[in-house]
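Enquirer: Order-wise, the sequence lines are chains A, B, C and D.
The first sequence lines up with residues 1 to 446 when you count with the UniProt record's numbering.
The second sequence lines up with residues 1 to 446 when you count with the UniProt record's numbering.
The third sequence lines up with residues 1 to 446 when you count with the UniProt record's numbering.
The fourth sequence lines up with residues 1 to 446 when you count with the UniProt record's numbering.
We put the beta carbon where it would ideally sit given N, CA and C, even for glycine.
Number of protein chains: 4
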Amino acid sequence: MEERQLKRKEQIPSPKGKLGVLIPGVGGAVSTTFMAGVEAIRRGLAEPIGSLTQMGTIRLGKRDEYRIPRIKDFVPLASLEDLVFGGWDIYEANAYEAASFAKVLQRDHLDPIKDFLETIRPMPAVFDRRFVKNLDGNHVKPGTDLRAHVEAVKEDIARFKEENGLDRCVMIWCGSTEVHLKPEEPHLSLEAFQKAVDANDPRIAPSMLYALAALESGIPYINGAPNLTVDIPALVELAREKHMPIAGKDFKTGQTLMKTILAPGLKARMLGLEGWYSTNILGNRDGLVLDDKDSFKTKEESKLSVLEYILQPQLYPNLYKNYYHKVTINYYPPRGDNKEGWDCIDIFGWLGYPMQIKVDFQCRDSILAAPICLDLVLFTDLAQRIGLHGIQEWLSFYFKSPMHKEGLYPEHDLFIQLMKLKNTLRYLMGEEQITHFGLDYYLGEK
Amino acid sequence: MEERQLKRKEQIPSPKGKLGVLIPGVGGAVSTTFMAGVEAIRRGLAEPIGSLTQMGTIRLGKRDEYRIPRIKDFVPLASLEDLVFGGWDIYEANAYEAASFAKVLQRDHLDPIKDFLETIRPMPAVFDRRFVKNLDGNHVKPGTDLRAHVEAVKEDIARFKEENGLDRCVMIWCGSTEVHLKPEEPHLSLEAFQKAVDANDPRIAPSMLYALAALESGIPYINGAPNLTVDIPALVELAREKHMPIAGKDFKTGQTLMKTILAPGLKARMLGLEGWYSTNILGNRDGLVLDDKDSFKTKEESKLSVLEYILQPQLYPNLYKNYYHKVTINYYPPRGDNKEGWDCIDIFGWLGYPMQIKVDFQCRDSILAAPICLDLVLFTDLAQRIGLHGIQEWLSFYFKSPMHKEGLYPEHDLFIQLMKLKNTLRYLMGEEQITHFGLDYYLGEK
Amino acid sequence: MEERQLKRKEQIPSPKGKLGVLIPGVGGAVSTTFMAGVEAIRRGLAEPIGSLTQMGTIRLGKRDEYRIPRIKDFVPLASLEDLVFGGWDIYEANAYEAASFAKVLQRDHLDPIKDFLETIRPMPAVFDRRFVKNLDGNHVKPGTDLRAHVEAVKEDIARFKEENGLDRCVMIWCGSTEVHLKPEEPHLSLEAFQKAVDANDPRIAPSMLYALAALESGIPYINGAPNLTVDIPALVELAREKHMPIAGKDFKTGQTLMKTILAPGLKARMLGLEGWYSTNILGNRDGLVLDDKDSFKTKEESKLSVLEYILQPQLYPNLYKNYYHKVTINYYPPRGDNKEGWDCIDIFGWLGYPMQIKVDFQCRDSILAAPICLDLVLFTDLAQRIGLHGIQEWLSFYFKSPMHKEGLYPEHDLFIQLMKLKNTLRYLMGEEQITHFGLDYYLGEK
Amino acid sequence: MEERQLKRKEQIPSPKGKLGVLIPGVGGAVSTTFMAGVEAIRRGLAEPIGSLTQMGTIRLGKRDEYRIPRIKDFVPLASLEDLVFGGWDIYEANAYEAASFAKVLQRDHLDPIKDFLETIRPMPAVFDRRFVKNLDGNHVKPGTDLRAHVEAVKEDIARFKEENGLDRCVMIWCGSTEVHLKPEEPHLSLEAFQKAVDANDPRIAPSMLYALAALESGIPYINGAPNLTVDIPALVELAREKHMPIAGKDFKTGQTLMKTILAPGLKARMLGLEGWYSTNILGNRDGLVLDDKDSFKTKEESKLSVLEYILQPQLYPNLYKNYYHKVTINYYPPRGDNKEGWDCIDIFGWLGYPMQIKVDFQCRDSILAAPICLDLVLFTDLAQRIGLHGIQEWLSFYFKSPMHKEGLYPEHDLFIQLMKLKNTLRYLMGEEQITHFGLDYYLGEK
């Protein structure tokens with residue numbers, strides 16, 4: 001029984017030694033923003049804005065006890081000082097060059113850490129253009145034999161670990177969105193999967209090879225893209241077998257983040273929804289990839305289901321059964337890495353009277369994603385240390401399509417997700433669950 | 001000890017007989033929309049959209065039990081059939097005329113219930129123009145003696161109860177915003193207050209006289225405006241003495257509702273706030289009243305504090321200490337009762353990079369307020385039946401400035417408010433508190 | 001020489017007798033809104049808002065002469081009293097039923113003119129589903145022989161004229177957008193065109209058959225859709241031969257109207273353009289038709305070229321050569337006939353600093369199009385009476401893709417278009433051209 | 001007669017020698033952005049985006065002649081090379097320090113021209129805090145004697161001219177908005193004005209003293225703020241006497257620019273206006289000054305009248321007589337020098353149906369104003385060389401409240417203003433007026 005294995009409170013081992021962060025897509029905008037930020041914070045040049053682990057607090061006990069430590073002071077997370085970055089990319093550029101190309105961070109922020117970024121040089125990537133049609137790179141592993149690629153990645157990992165004297169690793173996918181895949185026969189069991197790898201089955205995506213290599217190397221895998229990857233029984237099975245956590249999928253940033261903030265608000269007040277039109281414009285490499293219909297389909301599915309789960313039309317047919325939901329993404333170069341989302345929301349209230357909400361979110365994709373990477377790396381590392389393996393539902397907070405146990409539904413409501421995360425931390429540390437029930441403050445009164 | 005008095009589960013008496021709804025400002029846009037809607041629902045012409053008591057559900061037990069009753073089937077609330085409406089107004093128009101003037105509901109919706117609305121005729125109001133400068137009406141109680149006004153209202157109540165054969169009543173203020181008052185000496189104890197009434201002290205507002213009359217008549221009081229009214233020790237004292245619930249203040253609709261949805265979302269993700277500029281345009285009588293600086297001051301305070309409490313700058317100085325918050329309201333006749341709020345929100349993320357959110361909320365004030373009135377009447381009636389008296393903090397969900405016990409801080413986060421409300425209901429009905437902790441679903445797995 | 005034939009000033013014959021308005025697509029939202037409005041105006045129930053001919057004025061002479069007549073009092077246009085409506089549609093519904101279906105006008109506006117609208121019953125339409133894929137109707141002319149269809153339409157026209165005792169007619173296309181066609185061999189000369197009709201050539205669209213029937217019947221043709229129709233040499237040739245005016249194409253409403261207002265403003269101030277992203281949502285039949293890629297292509301071309309012509313990148317390469325222009329249209333049922341356009345405009349100024357403009361235009365397609373129909377009918381009728389035949393460039397003001405003489409460029413700037421229209425009217429009536437040169441007021445001063 | 005004095009075509013003297021640009025408020029955001037930009041352009045580091053004189057073209061002759069020179073190649077304007085900058089400010093900072101403080105231009109743009117900017121040091125200003133309540137500076141001329149201040153400014157001018165070997169000068173006010181003044185007795189004649197200066201009359205604003213000094217020194221005066229200054233008979237009289245041009249007032253940027261683009265568009269189409277709500281947020285010194293009610297009143301008048309003149313309610317009472325127009329300005333520090341204007345426009349069309357336009361203009365005040373300064377300096381210098389003195393109505397294009405001859409109305413429509421400007425240039429250079437009449441291209445056809 002797992003319950004007995006799970007370490008809690010004083011049993012949780014302190015994080016000792018270096019923690020390797022292995023990133024497929026290490027030369028992308030998100031990765032370089034993440035790594036540059038961590039280094040800037042380490043050097044005291046910046047605050048970890050947007051990171052729940054670093055800035056967030058957690059209330060313990062009653063409202064009038066005022067016990068509100070920082071999360072990082074409450075749970076034994078790895079320190080930023082101990083993170084060591086590495087990864088793979090289809091372009092050869094080092095992290096400084098890549099960050100300059102991405103144009104997310106300004107020169108003023110990159111230059112002081114140029115020395116650090118230049119040391120991060122991507123290893124050659126596993127790449128198959130059938131899965132990402134609008135990109136092409138030449139810094140790739142030779143050949144087309146899938147098993148050989150897996151082995152090459154495992155060797156990369158082992159070498160990286162040794163060269164850097166690492167204690168533990170976490171792999172986090174920050175690469176591109178792959179074309180849409182449905183779970184098919186080779187994905188349904190570990191055995192079938194391994195056979196398909198050996199047979200170079202075209203239904204095995206590169207991201208799955210990375211995940212396979214990670215898990216076989218005893219490393220947790222975090223899926224930042226809407227790719228299928230570890231959402232298949234085969235790899236869930238492997239994760240359990242190896243006692244490794246897996247988490248995903250698709251970092252929740254921008255418009256979907258906004259949606260999981262607004263939709264719970266409308267539902268809280270039982271306001272009906274007639275339609276929700278969402279358009280996105282972005283001009284970075286991600287935008288270019290999503291200009292390909294097949295990659296967009298993968299993303300679209302991830303974006304559309306959000307409302308269904310939050311609004312629960314089966315419970316509220318009069319309010320949420322017939323709304324029209326449309327999401328479009330457009331490549332728009334003038335926006336660069338800055339993403340802009342415009343939402344046009346048609347709601348109705350008392351007696352069916354219509355009202356409208358328009359939201360223009362001028363956000364920055366990588367700026368929103370970077371602190372999520374940090375938190376996920378630290379929390380997933382915590383999970384591996386305390387023995388929480390398999391699907392990490394308590395990390396739903398960070399994902400557009402949270403993984404969940406079969407038979408349960410995913411939780412998309414940002415506020416329930418946050419509650420879930422914090423009450424999980426309270427549980428792990430032996431603190432009382434917070435329910436926000438407050439009658440007790442009043443019942444004692446005369 | 002109150003704990004023993006509080007009735008729970010099977011002890012809660014079923015709501016028997018008619019429930020009177022007494023409304024100061026019964027001829028206003030909110031009141032008429034509320035009453036017209038209830039009647040339309042009773043006649044099967046409309047759904048109670050926006051009402052948590054009528055449409056809302058509540059999850060009980062584990063996620064996979066699928067026990068999710070409607071709130072009105074879970075808690076013994078009064079039935080819509082049993083509501084009887086009455087109230088006071090400074091204009092003589094009956095509710096049909098008043099609703100036509102307000103132009104919130106269309107002729108198509110008013111005509112089928114014209115017969116009902118015409119029967120609701122306001123009683124003469126207690127009015128003092130020093131407290132609402134931009135309005136003037138002549139359907140008012142004669143004289144300027146405050147005690148005489150209180151007694152007149154109590155007689156109105158008694159007559160209304162008798163004529164309609166009522167079992168219980170609730171008073172809910174739907175009148176205008178009064179000029180800004182600060183708690184002063186005559187407000188600090190019941191004794192001083194009663195003396196001030198006798199002395200016609202100019203610091204006693206008309207709304208306080210209504211509340212006094214209600215509580216002395218054994219009727220709960222709900223404060224839908226940002227007026228001071230029951231926010232003073234004197235009337236809290238009286239409420240406890242009479243074992244009556246009081247709730248307030250200022251119905252949370254429109255822009256503030258949006259703010260208490262968005263701000264928790266930004267904070268959840270630890271995104272910093274640099275500035276929040278909010279402008280409102282509205283063209284109804286409320287807009288006219290708020291064009292008076294003194295009335296606006298009362299409203300402004302109610303609107304500004306929301307962010308402070310949600311964002312907790314004392315916990316997150318790097319994120320929320322120095323934001324610039326500005327709220328303006330402008331009378332704009334073309335908008336009529338439809339209120340429009342535009343929010344311009346400047347946030348910052350990872351490494352301090354700025355992002356922007358613009359929200360244009362084209363809402364309808366009375367349409368959003370009406371279901372709140374309904375819920376508050378029903379929940380407050382529940383409170384009086386089970387013996388929950390004094391401040392009803394668990395109803396914070398409905399208010400811009402929730403009342404709270406001294407020594408506690410108010411809770412403004414819409415999602416925590418909803419959690420609080422639902423867990424209170426669970427508690428009352430002997431169900432387990434929901435924490436959204438979900439590790440238990442996974443810990444049993446091999 | 002035409003110059004001698006053109007009638008000016010006193011020579012222009014007064015409009016005598018009835019003017020028939022023949023509308024392909026008479027049962028659509030635009031047509032019914034147009035006809036209902038004209039009747040409401042005739043009955044004194046409404047003002048002709050949006051109509052330049054009816055509400056517009058024209059300044060004559062110097063600024064300090066204050067001679068500013070209404071256009072309809074200045075130029076001898078047909079009177080609204082003399083308009084008689086008829087047309088074709090693929091649905092059998094009369095104009096009252098069709099208008100009710102379209103949901104543009106409210107019952108309050110339709111009911112008082114129900115008697116009138118019910119008398120307008122469409123004649124069976126020429127229809128070929130290959131040209132409008134997302135619609136299907138059964139009120140169509142039998143068979144597939146094109147020449148037979150042309151003759152049938154001509155007979156319809158003759159019968160309509162006789163039955164109503166008409167003096168003159170104008171045909172105005174208010175039907176759907178057809179799939180995209182390029183001018184090919186059968187379109188290049190009248191002879192080839194007539195042969196192609198005889199041969200049932202698939203490159204002959206239904207709209208061309210209507211135009212052919214109109215011109216052969218001595219009736220001007222106005223093209224309200226982006227269809228190719230009279231934009232081909234064959235029909236220009238026929239128009240000249242028959243001395244008939246033709247005008248088009250694509251009524252300028254909504255987002256494109258906004259574009260031709262804003263772009264000249266940016267250019268006036270020499271502000272550079274980096275990108276212009278336009279998205280449209282609409283939920284009417286037009287939206288459904290444009291959900292078909294081939295129909296959208298026709299519309300897109302009409303919408304995209306607008307900026308190119310206004311901004312003149314060849315003259316201003318530093319400002320307008322490399323902007324990114326994207327237009328999307330999305331079917332969004334909640335919006336109904338109300339169209340919403342959101343524009344995101346990225347401009348740059350002094351030293352290249354970027355600025356942004358966001359425009360949300362919540363407009364009503366048919367409400368904007370109806371007065372255009374009225375003006376075009378009246379002005380085109382004027383043109384036929386004074387002998388102005390062929391392309392009517394002076395009516396560019398009303399079109400997304402104004403027709404123009406070969407060798408000239410189209411004029412898209414709304415303000416130049418208006419100037420052109422008004423100075424044409426001044427010319428026809430023998431008044432001095434207005435140049436807005438105003439130094440003369442000052443040069444006489446000491 | 002002036003007509004004979006006006007030089008045209010070949011008679012216009014070429015601009016020889018240096019042209020001094022004298023700026024009250026030389027240390028402000030607009031001034032420093034203007035000067036920095038001119039220098040950057042001179043050094044080939046930037047393009048003069050936004051400047052009609054530098055980037056603009058002018059069409060000559062018929063559309064098919066394709067004669068479209070740049071304006072600066074068509075009219076003999078002073079060259080950028082010949083501009084020499086100087087001025088006054090209440091802060092001592094040199095132009096580099098001032099530009100750094102203003103935060104309009106980034107370090108990347110300022111540093112390459114630091115040497116140039118550091119040489120521009122303000123002369124002590126004439127300042128009276130009663131006229132600009134929210135500012136305070138100590139780099140001011142001593143004493144309170146108005147005549148002495150005028151003489152001091154004249155000496156400053158003479159010294160500046162001599163030291164720099166200037167041929168001609170232009171004075172352009174880029175200082176703050178003064179409190180609202182109405183023309184009173186001392187403003188009505190030159191004689192009364194001079195007496196009032198001698199008497200230290202409190203109705204004489206500092207800006208009037210600068211204008212007086214300029215005109216008496218034989219230098220044209222341009223009024224970039226909404227101050228009264230040269231809008232009084234006294235100074236118009238002096239300008240004529242001295243044969244000097246005067247121009248004003250209030251640079252047209254931001255929201256008002258947008259208004260004079262959109263309003264003519266709505267009017268062109270005869271769309272009615274029900275209301276126009278405009279709110280501005282800005283965080284620079286200008287915003288701080290306008291937070292003072294008296295300064296705002298000056299600005300408000302300048303902003304409100306725009307719509308009245310464009311829409312001509314006297315001609316179109318059904319469309320434009322009863323609209324509600326509201327303008328607010330709010331100080332909002334997070335925005336810095338970037339101004340944001342939000343417009344909410346309620347229009348109505350055919351049969352009175354309502355539609356809405358929302359415009360969010362995220363602009364930059366100084367970036368929009370700087371090229372206007374450049375154009376006005378060059379055109380006003382042209383005016384003085386050709387003998388065009390007094391009010392320069394042809395420069396209305398650049399101003400929120402264009403000056404105009406008594407008995408005429410101001411022209412606010414941006415497109416008519418541009419037409420007026422260009423046709424004036426055509427007239428001066430002996431070219432034909434453009435009317436956009438285009439029938440002539442068609443009348444020759446067979």
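Using a Cβ cut-off of 9 Å, pull out every chain A residue sitting near G76/B, in sequence order please.
Expert: Going by the sequence as given, residue 76/B is Pro instead of Gly. Those within 9 Å of P76/B in chain A number zero; the least Cβ separation is about 17 Å.
Enquirer: Touching or not, the segment 229–238 of chain D and the segment 299–318 of chain D, by the rule of three or more beta carbon pairs under 8 Å?
Expert: At 8 Å Cβ cutoff, the stretches do not touch.
Enquirer: Can you say whether D440/B is buried or exposed, counting buried as having 16 or more other CB atoms within 10 angstroms of its CB?
Expert: Burial call: exposed.
Enquirer: Where are the alpha helix (DSSP H) runs, 4 residues long or more, that stay fully inside the segment 74–132 of chain A, in chain order?
Expert: Listed in chain order, they are 95–102, 107–110, 114–118.
Enquirer: Kindly indicate if chain B contains any beta-carbon less than 9 Å away from that of E39/D.
Expert: Not one chain B Cβ lies under 9 Å of E39/D.
Enquirer: Skipping 5 residues on each side, what residues in its chain have a beta carbon closer than 6 Å to that of N223/D?
Expert: Contacts found: W173, T229, V230, G248, K249.
Enquirer: List in chain order: all unbroken beta strand (DSSP E) runs of 3+ residues lying wholly within the segment 167–191 of chain A.
Expert: Whole beta strand (DSSP E) segments, 3+ residues: zero.
Enquirer: Could you pull the start and end residues of the beta strand (DSSP E) that G20/D belongs to?
Expert: 18–24 is the span of the beta strand (DSSP E), which, as asked, contains G20/D.
Enquirer: Find the residues of chain C that neighbour N318/D, judging by a C-beta separation of less than 8 Å, and give them in chain order.
Expert: Those are E47, I49, M55, listed as they occur along chain C.
Enquirer: Against chain D, with Cβ distances strictly below 9 Å, would Q362/C count as a contact?
Expert: Yes, Q362/C lies at the interface with chain D (some Cβ there is under 9 Å from its Cβ).
Enquirer: With distances taken from CA atoms, which of M258/C, F348/C, A46/C is nearest F399/C?
Expert: Out of M258/C, F348/C, A46/C, M258/C has the C-alpha closest to the C-alpha of F399/C.
Enquirer: Taking 9 Å as the CB-CB limit, is R67/A close to chain B?
Expert: It does not: the Cβ of R67/A has no partner Cβ on chain B nearer than 9 Å.
Enquirer: So D381/D and V170/D are in contact, right, with Cβ under 8 Å, and what is the actual spacing, rounded?
Expert: About 5 Å separates the two Cβ atoms, so the contact holds.
Enquirer: Just by C-beta distance, which residues in the segment 211–228 of chain C are closer than 9 Å to chain A?
Expert: Cβ contacts with chain A come from no residue of the segment 211–228 of chain C.
Enquirer: Please confirm if G275/A has its CB atom under 9 Å from at least one CB of chain C.
Expert: Yes - at least one Cβ of chain C is within 9 Å of the one on G275/A.
Enquirer: Taking buried to mean at least 16 other C-beta atoms within 10 Å of its own C-beta, is R130/C buried or exposed?
Expert: When all chains shown are included, R130/C counts as exposed.
Enquirer: Excluding five sequence neighbours on each side, which residues of the same chain lie with their C-beta closer than 8 Å to the C-beta of V84/D?
Expert: Result list for V84/D: K18, L19, G20, V21, N164, L166, in chain order.
Enquirer: What does L282/C pair with, by DSSP beta-bridge criteria?
Expert: BP columns for L282/C point to Y331/C.
Enquirer: In whole angstroms, what separates the C-alpha of E184/A from that of G37/B?
Expert: When rounded, the distance between both Cα atoms is 52 Å.
Enquirer: Take Y96/C and list the residues in its own chain whose beta-carbon comes closer than 6 Å to its own, dropping the five residues that flank it on each side.
Expert: Same-chain partners within the cutoff: K114, L117, E118.
Enquirer: Give the DSSP-derived three-state secondary structure of E406/D in the structure shown.
Expert: Looking at E406/D - three-state DSSP - the assignment turns out to be coil, as it is neither helix nor strand.
Enquirer: With distances taken between CB atoms, is the gap from L262/B to L262/A smaller than 9 Å?
Expert: Closer than 9 Å, so yes.
Enquirer: If you draw a straight line from the C-alpha of H180/C to the C-alpha of Y324/C, how long is it?
Expert: Roughly 23 Å separates the two Cα atoms.
Enquirer: Report yes if the CB atom of R121/D is closer than 9 Å to the CB atom of E92/D, and no otherwise.
Expert: For R121/D and E92/D, yes; Cβs fall inside 9 Å.
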